[in-house]
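Structure first, commentary second.
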Amino acid sequence: GQNIDQPTEMTATEGAIVQINCTYQTSGFNGLFWYQQHAGEAPTFLSYNVLDGLEEKGRFSSFLSRSKGYSYLLLKELQMKDSASYLCAPRINAGNNRKLIWGLGTSLAVNP
Amino acid sequence: DTAVSQTPKYLVTQMGNDKSIKCEQNLGHDTMYWYKQDSKKFLKIMFSYNNKELIINETVPNRFSPKSPDKAHLNLHINSLELGDSAVYFCASSQLTNLADTQYFGPGTRLTVL
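Here the protein sequences line up with chains A and B, keeping their order.
Read in order, the letters of the first sequence correspond to residues 1 to 112 in our numbering.
Read in order, the letters of the second sequence correspond to residues 1001 to 1114 in our numbering.
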């Protein structure tokens, strides 16, 4: 089966750095996405990794190790608006197609 | 210039009714999706259409029927609504031929069945 593990909740302070970990067990792995979802809003795309290593995008970076089934999202210089849920979503091959498998997300609270 | 739009944003209805949710994307994507997000925030794929053809059909009651009149539209019709159908329904789109195939989401439709 497919399984994704992320911490349920995390708390951090404005201006700090936080790392949100995600481990996954999937078959037909074909890349991994991170999405941000504010309360009452739609998920929005943050990052995509298909090869091992670090992808940096401004204050956000994402790392992937396919052999370990592990990814993390690193958020630097935290701002209050970063308080949101962060969803780890591995993509798998589904027949001739692909689909995302979604974790329950990590709810991040940024405090002043 | 909204990329993925859904109507209505809120839908409150009685058990047993039939309702539809509409989705449109102006990104020129070839693939569209319907997701259900329940009260525990678990996001579950329901259907996916590529160039108007059904390509993913998860285990969803047949009371749910998607319809894609063209590549830019994917509607969801629900018959005989039940209490357990209460959730937020998200439409999304992507370009399957791209390596990244990033999905972009609509604002969601919050369905409440009384």
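Just so you know, even glycine gets a beta-carbon here, dropped at the ideal spot from N, CA and C.
It should be emphasised that the depicted structure is a prediction, and the values quoted were computed from it without experimental measurement.
Worksheet item: By a C-beta neighbour count over all protein chains shown, 10 Å radius and 16 as the cutoff for buried, is Met1015 (chain B) buried or exposed?
Response: exposed
Practice prompt. From the DSSP output, in three-state form, read off Asp5 (chain A) for me.
Written response: strand
Discussion item. By alpha-carbon positions, which one of A:Ser67, A:Asn96, A:Lys81, A:Gly28 ends up nearest to His38 (chain A)?
Written reply: A:Lys81
Fill in: Residues that DSSP places opposite Pro1008 (chain B) in a beta bridge
According to DSSP, which records beta bridges pairwise, Pro1008 (chain B) is partnered with nothing at all.
Worksheet item: Going by Cα to Cα distance, which pick from A:Gly40, A:Leu74, A:Gly28 is closest to Asn96 (chain A)?
Response: A:Gly28
Worksheet entry | Nearest-angstrom Cα separation, counted from Asn49 (chain A) out to Asp1018 (chain B) | 41 Å
Item to complete: Any chance you could list the beta strand (DSSP E) runs of at least 3 consecutive residues sitting entirely within the region 55-96 of chain A, in chain order?
Response: 60-65, 70-75, 84-94
Worksheet item: Where does Leu1076 (chain B) sit, in a helix, a strand or coil, going by DSSP?
Response: strand
Practice prompt. Sort B:Thr1013, B:Thr1102, B:Ser1005, B:Lys1044 by Cα distance to Ser1080 (chain B) and report the nearest one.
Written response: B:Thr1013
Discussion item. Let's see if you can read the secondary structure: which residues bound the beta strand (DSSP E) around Asn21 (chain A)?
Written reply: 18-25
Practice prompt. Starting from Phe45 (chain A), find everything on chain B with Cβ-Cβ shorter than 8 Å and list it in chain order.
Written response: Thr1102, Gln1103, Tyr1104
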